[in-house]
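The structure appears below as structure tokens.
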DNA sequence: CTAACATTGTGTATTCTTTACACAGACGAA
DNA sequence: TTCGTCTGTGTAAAGAATACACAATGTTAG
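Residue numbers (the working numbering), protein chains in the order written: chain A, 1 to 254; chain U, 255 to 508.
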């Protein structure tokens, strides 16, 4: 199985070099061999300008020319799924120490027009500011999650599932901090939650809630460059969080 | 790629017929072709005798002789992942209208000793009593979840993940009813929750909670064959549940 | 037929959690 | 120095979760 057929990266060149008939021939071969390709797709979220953003590239798969696409690649035979997802992140963003979690496998027979490919969707959260997009091939760009034009393949569906996953997950686990600088103000944190969940929250109750969890450390520093009274900067205490025993009982409710 | 190499069903016979060398040769071929196999594995839960049970077979993969194994199979090239999972269920239990949901993909390179196989784990809930296991090949049997001997492959890990998933999921979604008869007493329902979550619950508060959700219908019938005052039988109103709007806000807590 | 047993069915007081809400103080900008 | 804007704080009220006891019902054993 030739990975180049399926990877987002090389299809166009391949196509130009060999012509469409060749690909069809190869696909027939694949079919007859009863082979299923496996890829990972990363939904990479960032937070900027008080909005949730997602990192996309222009698809260069011919049929989806000019449509936006998630960052993905075929899984190498000798790497774990997680490794493959980390590799995609590293290759595309240069970042290594990133929050990354598997969300769901998408395996409809017709999801990829060229061949049967099952993809494992991963959700990743990175701090936009800490990171400079160095490789801007294929118009790698941040996009607002709320106002998205059409996407390639079933990537819109994957994105929707990952976004819903994030909305739920962020309420139960401390992922949000991956989207913020190490030191952040409570206002930034609240903006983050409000943006992701698309709700307005009461400022005092929000503070009370976080302080009562007792996982934020006062750094003693203050915001700078704000045109008003600066707020205190906090740091999330992961260690303390890890030590906390997880509750198994949330209360039945549906 | 020859599915028989990997499927749980036929390895032994194949092995006996062709000898081990042949398989190794084929595996080499697979390696050199950079192919990854895809399977589904179903964690099928049932509830009986006030205990959570899981349906397992004896693995007939040589290396895991006499170890217990989940029900799974390679995904056919022309079927969706969900379809494959339903097929496994149908083939193994004869049941068709079953609760089934994808939980997670497991794709470590070394999880299958014979080849690279990524498996998508599904969780399924069925009512043991409604169902007679007709095909008892490979010692298909129900096992207590709590006291489990060693399992084949990484199936123990998969089971653990699915069990944890179930514990969380049952508190937020009405899956539990799939494990019970259509008409059930509140005591049965409570036993179910207590067994799955491994907690003791207050009887009055449990009732209060479920009645306040307003999704149980009194059938007007009573339990029979109990050596004490019979309880009322209820039915879960799925329609009403569907109409209910889902809440997006649960409250931040971790 | 009766008594003993086991389990159902029900309400209230208490605690904890969530929500709603307003004003003084700090800093920056002009 | 004043104005504007945001930070930081507490309390009262409503709602949700918990703890807890006793009468009613059917079964079984004597």
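Built from N, CA and C at the ideal position, the CB exists for glycine as well.
What distance in whole Å lies between the Cβ atoms of residue 293 of chain U and residue 310 of chain U, which are believed to be in contact at a cut-off of 8 Å?
-> Looking up residue 310 of chain U in the second chain gives position 56. Looking up residue 293 of chain U in the second chain gives position 39. With 8 Å as the limit, residue 310 of chain U and residue 293 of chain U do not qualify as a contact, their Cβ atoms being about 16 Å apart.
Distance, residue 432 of chain U Cα to residue 414 of chain U Cα | Counting from one through the second chain, the residue named residue 414 of chain U turns up at place 160. Counting from one through the second chain, the residue named residue 432 of chain U turns up at place 178. Taking C-alpha positions only, residue 414 of chain U is separated from residue 432 of chain U by approximately 20 Å.
Same chain only: Cβ atoms within 8 Å of residue 174 of chain A, ignoring 5 sequence neighbours per side = Counted from its first residue, the first chain places residue 174 of chain A at position 174. If we look at residue 174 of chain A and ignore the five residues flanking it on each side, its Cβ neighbours are 215, 236, 238 and 241.
Where the beta strand (DSSP E) containing residue 71 of chain A begins and where it ends | Residue 71 of chain A sits at position 71 when you count from the first residue of the first chain. Its beta strand (DSSP E) spans residues 71-74.
What residues from chain U crowd round residue 137 of chain A, counting only those whose CB sits closer than 7 Å?
-> Counting from 1 along the first chain, the entry for residue 137 of chain A is found at position 137. Correct list: empty, because the minimum Cβ distance to chain U is about 25 Å.
When you compare each of A:224, A:205, A:72 and A:77 to residue 89 of chain A by their alpha carbons, which one comes out closest?
-> Taking the first residue of the first chain as 1, we reach residue 89 of chain A at position 89. Residue A:72 is the option with its Cα nearest to residue 89 of chain A.
Look at residue 373 of chain U and residue 456 of chain U and say whether their C-beta atoms are less than 8 Å apart.
-> Here residue 373 of chain U refers to the residue found at position 119 of the second chain. Here residue 456 of chain U refers to the residue found at position 202 of the second chain. Between residue 373 of chain U and residue 456 of chain U, the gap from beta carbon to beta carbon reaches 8 Å or more.
Reference residue 255 of chain A, options A:95, A:53, A:100 and A:98, closest by Cα | Because chain A in this structure spans residues 1 to 254, residue 255 of chain A falls outside the shown range and cannot be described.
Report, in whole angstroms, the separation of the C-beta atoms of residue 45 of chain A and residue 233 of chain A, which I expect to be a contact under 8 Å.
-> Residue 45 of chain A sits at position 45 when you count from the first residue of the first chain. Residue 233 of chain A sits at position 233 when you count from the first residue of the first chain. Between residue 233 of chain A and residue 45 of chain A the Cβ distance is about 23 Å, and since that is not below 8 Å, they are no contact.
For the alpha helix (DSSP H) that contains residue 84 of chain A, what are its first and last residues?
-> Taking the first residue of the first chain as 1, we reach residue 84 of chain A at position 84. Taken as a continuous stretch (DSSP letters only), the alpha helix (DSSP H) holding residue 84 of chain A covers 81-93.
When the Cα atoms are used, what is the spatial distance from residue 222 of chain A to residue 246 of chain A?
-> Position 222 of the first chain, counting from 1, holds the residue named residue 222 of chain A. Position 246 of the first chain, counting from 1, holds the residue named residue 246 of chain A. Approximately 32 Å, taken between the alpha carbons.
Pick from A:181, A:197, A:191 and A:253 that is closest to residue 131 of chain A, judged by C-alpha positions | Here residue 131 of chain A corresponds to residue number 131 of the first chain, with the count starting at 1. When the alpha-carbon of residue 131 of chain A is set against those of A:181, A:197, A:191 and A:253, the nearest one is in A:181.
Extent of the continuous beta strand (DSSP E) to which residue 120 of chain A belongs = Position 120 of the first chain, counted from the first residue, corresponds to residue 120 of chain A. Element bounds for residue 120 of chain A: 117-125.
Taking the alpha-carbon positions, what's the residue 22 of chain A to residue 64 of chain A distance?
-> Walking along the first chain from the start, residue 22 of chain A turns up at place 22. Walking along the first chain from the start, residue 64 of chain A turns up at place 64. Bear in mind that the predicted position of residue 22 of chain A carries a pLDDT of just 40, short of 50, making it unreliable; the figure below should be weighed with that in mind. For residue 22 of chain A and residue 64 of chain A, the distance between alpha carbons rounds to 19 Å.
Find out if the Cβ-Cβ distance for the pair residue 315 of chain U, residue 406 of chain U is shorter than 8 Å.
-> Locating residue 315 of chain U in the second chain gives position 61, where the first residue counts as 1. Locating residue 406 of chain U in the second chain gives position 152, where the first residue counts as 1. Against a cut-off of 8 Å, the Cβ pair of residue 406 of chain U and residue 315 of chain U comes out as a contact.
Is it the case that the CB of residue 200 of chain A approaches a heavy atom of the ligand HEM more closely than 7 Å?
-> Looking for the ligand HEM in the displayed structure turns up nothing, as the structure carries no ligands at all.
First through last residue of the beta strand (DSSP E) which encompasses residue 53 of chain A | As a working note, residue 53 of chain A is residue 53 in the first chain. Run containing residue 53 of chain A: 51-58, per the beta strand (DSSP E) assignment.
Neighbourhood of residue 217 of chain A by C-beta, 8 Å cutoff - its chain only, sequence neighbours within 5 removed = Sequence index remark: in the first chain, residue 217 of chain A carries index 217 (1-based). Once the five neighbours on either side are set aside, the close Cβ partners of residue 217 of chain A are 234, 235, 236 and 237.
Among U:376, U:462 and U:361, which residue has its Cα nearest to the Cα of residue 369 of chain U?
-> Taking the first residue of the second chain as position 1, residue 369 of chain U is located at position 115. The option with the nearest alpha carbon to residue 369 of chain U is U:361.
Residue range of the unbroken beta strand (DSSP E) whose run includes residue 359 of chain U | What you label residue 359 of chain U is simply residue 105 of the second chain in a count that begins at 1. Run containing residue 359 of chain U: 353-360, per the beta strand (DSSP E) assignment.
Kindly list, in the order they appear in chain U, the residues whose Cβ is closer than 7 Å to that of residue 112 of chain A.
-> One-based indexing of the first chain puts residue 112 of chain A at position 112. Going along chain U, no residue has its Cβ under 7 Å from residue 112 of chain A, so there is no contact; the nearest lies around 13 Å.
Could you please give the first and the last residue of the uninterrupted beta strand (DSSP E) stretch that includes residue 158 of chain A?
-> Against the first chain, residue 158 of chain A aligns to sequence position 158. Premise fails: residue 158 of chain A lies in the alpha helix (DSSP H), 155-172, not in any beta strand (DSSP E).
In terms of residue numbering, what span does the alpha helix (DSSP H) encompassing residue 188 of chain A cover?
-> As a working note, residue 188 of chain A is residue 188 in the first chain. Boundaries of the alpha helix (DSSP H) around residue 188 of chain A: 186-197.
State buried or exposed for residue 169 of chain A, treating a residue as buried only when at least 16 other CB atoms are found within 10 Å of its CB.
-> On the first chain, position 169 is the one that residue 169 of chain A refers to. Residue 169 of chain A should be labelled buried.
Would you tell me roughly how many angstroms separate the C-alpha atoms of residue 339 of chain U and residue 225 of chain A, rounded to the nearest one?
-> Taking the second chain and counting its residues from 1, the one referred to as residue 339 of chain U is at position 85. Taking the first chain and counting its residues from 1, the one referred to as residue 225 of chain A is at position 225. Spanning the two alpha carbons is a distance of roughly 56 Å.
Provide the residue span of the beta strand (DSSP E) that contains residue 217 of chain A, from first to last.
-> As a first step, residue 217 of chain A is located in the first chain; it is residue number 217 there, counting from the start. 216-222 is the extent of the beta strand (DSSP E) around residue 217 of chain A.
Do we get a CB-CB distance below 8 Å when we pair residue 52 of chain A with the residues of chain U?
-> For the purposes of this step, residue 52 of chain A is taken as the residue at position 52 of the first chain. No, no contact with chain U.
Where does residue 136 of chain A fall in DSSP's three states?
-> Working through the first chain from its first residue, we reach residue 136 of chain A at position 136. Per DSSP, reduced to three states, the secondary structure at residue 136 of chain A is coil, with no helix or strand assignment.
Is residue 299 of chain U helix, strand or coil by DSSP?
-> The residue labelled residue 299 of chain U in the question sits at position 45 within the second chain. The three-state secondary structure of residue 299 of chain U, taken from DSSP, is strand.
Whether residue 195 of chain A touches residue 356 of chain U by CB criterion (8 Å) = The residue you call residue 195 of chain A lines up with position 195 of the first chain. The residue you call residue 356 of chain U lines up with position 102 of the second chain. No. Outside cutoff.
Could you list which residues in chain A have their beta carbon closer than 7 Å to that of residue 359 of chain U, in chain order?
-> Locating residue 359 of chain U in the second chain gives position 105, where the first residue counts as 1. Near residue 359 of chain U (Cβ distances below 7 Å), the residues of chain A are 81, 102, 105 and 120.
Does the beta carbon of residue 504 of chain U come closer than 8 Å to any beta carbon on chain A?
-> Translated into the one-based positions of the second chain, residue 504 of chain U becomes position 250. For residue 504 of chain U, at least one C-beta of chain A is nearer than 8 Å to its own C-beta.
How is residue 179 of chain A classed by DSSP in three states: helix, strand or coil?
-> Translated into positions along the first chain, residue 179 of chain A becomes position 179. In the structure shown, residue 179 of chain A falls within a helical segment according to DSSP collapsed to helix, strand and coil.
Compare the beta carbon distance of residue 47 of chain A and residue 192 of chain A with 8 Å and say whether it is the shorter of the two.
-> Walking along the first chain from the start, residue 47 of chain A turns up at place 47. Walking along the first chain from the start, residue 192 of chain A turns up at place 192. Contact: yes.
Got a sec? Which residues, its chain only, sit under 7 Å from residue 349 of chain U by beta carbon, not counting five neighbours each side?
-> Numbered from its first residue, the second chain carries residue 349 of chain U at position 95. Answer for residue 349 of chain U: 343, 380 and 385, listed in chain order.
For residue 61 of chain A, three-class secondary structure by DSSP = Taking the first chain and counting its residues from 1, the one referred to as residue 61 of chain A is at position 61. Coil.
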